[in-house]
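Asks: Following our numbering, the numbering of the sequence shown begins with 98 at its first residue and continues without gaps.
After the structure tokens below, expect a handful of questions from me.
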Amino acid sequence: MALTRCIILACLVVFVLLLQGNVHADTNIASAGWAEVEITPPLGIALGGRGGNYTLASHVIDPLHAQVLYLKDGKGTGFVLVSMDLIGLPHSLSDQLRQSLVHELGVNWNLVLLNFSHTHSGPNMLRELMAGVGPAPEVEVHYFEFLREKVLSAARVAKKNLVPVSKVEIFEGHSHVAINRRGRNKQGNISILPNPRGPIDDKLWIMRISPVGNRPEALVFSYACHPVIVYGYAFAAISADFPGIARKIIREKNAKIGHVQFVQGLAGNVRPRAVADLEQMTFRGASPEKLTQAGTDLANDVLAALTNKCDVLKLDFAGASDRPFMARGNPPSREVYEKMKADEKNPNTRSVGEFWLKRYDSGEGFAKGEAWPVGLVRLDQNHFIAYLAGEPVVEWRGKITDWLAPRKIVTFGYSQEASTYLPTEELLAEGGYEVLESNRARMSSPAPFASGIHESMRQSFLRQLAFIEAPVE
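Here's what the structure looks like:
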């Protein structure tokens with residue numbers, strides 16, 4: 098009997114130890130939660146991506162959405178990725194929203210990442226960035242409040258829905274939905290025209306999150322291309338453009354996927370190939386059919402990439418952020434704005450001209466540069482997200498991946514907050530919209546960037562990498 102009791106007691110001890118080991122193991126399992134919410138604005142709101150605030154939304158082709166993905170690694174460190182069908186957010190609203198997400202979810206400031214699809218068929222969000230546009234009307238003020246609360250509600254749902262995940266995988270593929278838009282006109286000058294020989298970023302980056310059990314999967318995919326098809330045929334319509342079509346088709350074609358997020362890449366100088374007329378070398382022919390074509394092609398490329406070999410992540414989150422100084426050169430001559438002020442057809446052009454002429458006449462001078470938001474997020478020991486605010490051109494990806502080699506890097510543009518275009522130094526001498534004209538209506542400075550921006554950006558990312566990889570004592 099005594100021997101039997103000893104054996105039973107020993108078995109119980111072993112069972113308890115095994116149970117404790119399983120509980121300990123469970124606490125080191127990553128978890129994920131996600132949610133989606135509609136953020137369509139009311140009709141009558143001014144639309145963005147048009148250089149002014151004079152086109153009011155008249156109808157909705159398809160609704161706008163925000164998606165929230167909340168991931169926690171085995172140590173309990175959280176990372177939040179928010180995708181929005183918007184042209185961008187101003188600095189003030191971005192900071193408010195990120196701070197609220199930090200409070201709601203208890204995550205580090207450097208691990209909250211906002212990304213914008215940059216649809217040109219959504220509400221104007223950038224009034225405070227633009228020169229000569231006047232104060233925000235009541236409908237915009239209310240929409241900002243509505244948007245903030247909607248995203249926070251989705252974040253709360255994502256947190257509530259946290260479940261253990263069996264694996265997080267990274268896939269890579271390729272897509273040629275985009276085409277470079279820095280072509281030369283008949284005078285030999287860079288203009289917004291198709292350039293089939295110009296660079297694009299054909300890389301597709303896909304993260305698939307598979308929960309434990311038979312729960313639906315989540316899919317995040319990133320590609321670089323301006324969503325500007327809808328406003329080519331329905332100028333006053335609201336639409337998520339081709340990213341919305343792609344998300345819908347991915348869900349329809351893969352029943353295992355319950356949540357889909359699009360993340361915009363470095364799309365500053367690329368447009369959809371579907372609206373490029375390569376015979377006449379111009380962009381035209383936007384239509385519902387071209388919209389469906391671009392969205393379908395992108396969705397099919399994403400689904401095809403899921404058959405490729407993947408990397409399985411062991412999540413280990415860490416983040417850093419910075420605002421390196423990006424120097425600007427000399428502003429345009431006074432004559433440029435005198436000509437704009439005299440424009441009888443475009444009230445926005447006249448307002449911008451009047452705004453900057455006051456600065457010229459006052460003798461106050463112009464800003465010498467700006468602090469550009471950038472950041473780095475470690476997903477695991479070898480996989481990183483490098484993100485930039487504003488509208489970076491595709492050429493930045495090669496530079497950033499070289500600076501951070503041999504780590505595997507995905508680059509996101511249109512992140513955290515809106516700003517102007519960010520060309521590389523090689524493009525400065527060429528001129529064109531991304532270098533010159535795009536700055537003329539911006540509140541920060543009408544001057545183009547100057548040499549030295551590469552080194553500012555390189556040093557910033559290397560500082561961030563050193564911070565993330567510094568040993569913790």
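We put the beta carbon where it would ideally sit given N, CA and C, even for glycine.
On a predicted model such as this, the values are computed, not experimentally measured, just so you know.
Residues in the same chain with beta-carbon distance under 8 Å from I142, minus the five sequence neighbours each way, listed in chain order, please.
Replies: Excluding positions up to five away in sequence, the list reads L153, A154, P220, N221, V236, E237 and Y240.
Asks: Could you check whether Y328 and H217 sit closer than 9 Å to each other, using their CB atoms as the reference points?
Replies: A contact, by the Cβ cut-off of 9 Å.
Asks: Please state the DSSP three-state secondary structure of R583.
Replies: Because the chain in this structure spans residues 98 to 570, residue 583 falls outside the shown range and cannot be described.
Asks: Report the rounded CA-to-CA distance for G285 versus G529, giving the unit in angstroms.
Replies: Roughly 11 Å separates the two Cα atoms.
Asks: Alpha carbon to alpha carbon, what distance is there between W469 and G355?
Replies: Roughly 35 Å between the two C-alpha positions.
Asks: In or out: T521 buried (at least 16 other Cβ within 10 Å) or exposed?
Replies: T521 is buried by the Cβ-count criterion.
Asks: Flag this pair as yes or no: are the beta carbons of N427 and A538 separated by less than 9 Å?
Replies: No. Outside cutoff.
Asks: Secondary structure at S189, three-state DSSP: helix, strand or coil?
Replies: The answer is helix: DSSP assigns S189 an H, G or I state.
Asks: If contacts are defined as beta-carbon pairs under 8 Å, then E400 and K350 qualify, I think. What distance do you get, rounded to the angstrom?
Replies: Before going on, a small fix: residue 400 reads as Leu here, not Glu. Confirmed, about 6 Å.
Asks: Within 10 angstroms of the Cβ of D374, are there 16 or more other Cβ atoms? Answer buried if so, exposed if not.
Replies: Counting Cβ neighbours within 10 Å, D374 comes out exposed, since fewer than 16 surround it.
Asks: Are the stretch 242-255 and the stretch 275-283 touching by the rule of at least three beta carbon pairs closer than 8 Å?
Replies: No: fewer than three Cβ pairs fall under 8 Å.
Asks: Rounded to the nearest angstrom, how far is the Cβ of L519 from that of L485, given a contact under 8 Å?
Replies: Confirmed, about 7 Å.
Asks: Going by the DSSP bridge assignment, what does G466 pair with across the sheet?
Replies: DSSP, once it has assigned bridges, lists A424 as partnering G466.
Asks: Is it right to say G310 is buried, meaning 16 or more other beta carbons lie within 10 angstroms of its own, or is it exposed?
Replies: That one is exposed.
Asks: Buried or exposed: where does D338 fall if 16 or more other Cβ atoms within 10 Å of its Cβ makes it buried?
Replies: D338 is buried by the Cβ-count criterion.
Asks: On the three-pair Cβ rule with 8 Å, is the stretch 287-295 touching the stretch 311-322?
Replies: Taking 8 Å as the limit for Cβ pairs, the verdict is that the stretch 311-322 does not touch the stretch 287-295.
Asks: Apart from the five residues on each side of it in sequence, which residues of its chain come closer than 6 Å, Cβ to Cβ, to F564?
Replies: Closer than 6 Å at Cβ, skipping near neighbours: A417.
Asks: Following the continuous beta strand (DSSP E) through L166, name the residue where it begins and the one where it ends.
Replies: It spans H162 to K169 - the beta strand (DSSP E) in which L166 sits, taken as one unbroken run.
Asks: Where are the alpha helix (DSSP H) runs, 4 residues long or more, that stay fully inside the stretch 478-566, in chain order?
Replies: As far as the stretch 478-566 is concerned, its whole alpha helix (DSSP H) runs of at least 4 residues are 493-500, 522-525 and 550-566.
Asks: Please list the terminal residues of the continuous alpha helix (DSSP H) segment that includes G450.
Replies: Here the alpha helix (DSSP H) through G450 covers P444 to S459.
Asks: Contact defined as beta carbons within less than 8 Å: I believe G362 pairs with V372. What is the distance between those atoms, to the nearest angstrom?
Replies: That pair is no contact at about 19 Å.
Asks: Below 8 Å on the Cβ atoms is my contact criterion, and I expect P369 with I326 to pass it. Report the Cβ-Cβ distance as a whole number of Å.
Replies: Between I326 and P369 the Cβ distance is about 6 Å, and since that is below 8 Å, they are a contact.
Asks: Report the three-state DSSP secondary structure of A255 (helix, strand or coil).
Replies: Helix.
Asks: Can you say whether R494 is buried or exposed, counting buried as having 16 or more other CB atoms within 10 angstroms of its CB?
Replies: When all chains shown are included, R494 counts as buried.
Asks: Compute the distance between the beta-carbons of E242 and M540, then report whether it is under 9 Å.
Replies: Not in contact: E242 and M540 (Cβ atoms no closer than 9 Å).
Asks: Output needed for V449: all residues of its chain with C-beta closer than 7 Å, excluding positions within five of it in sequence on either side, in chain order.
Replies: If we look at V449 and ignore the five residues flanking it on each side, its Cβ neighbours are A228, G229, M437, R537 and A538.
Asks: Taking the alpha-carbon positions, what's the T517 to Q164 distance?
Replies: Their Cα atoms are separated by approximately 24 Å.
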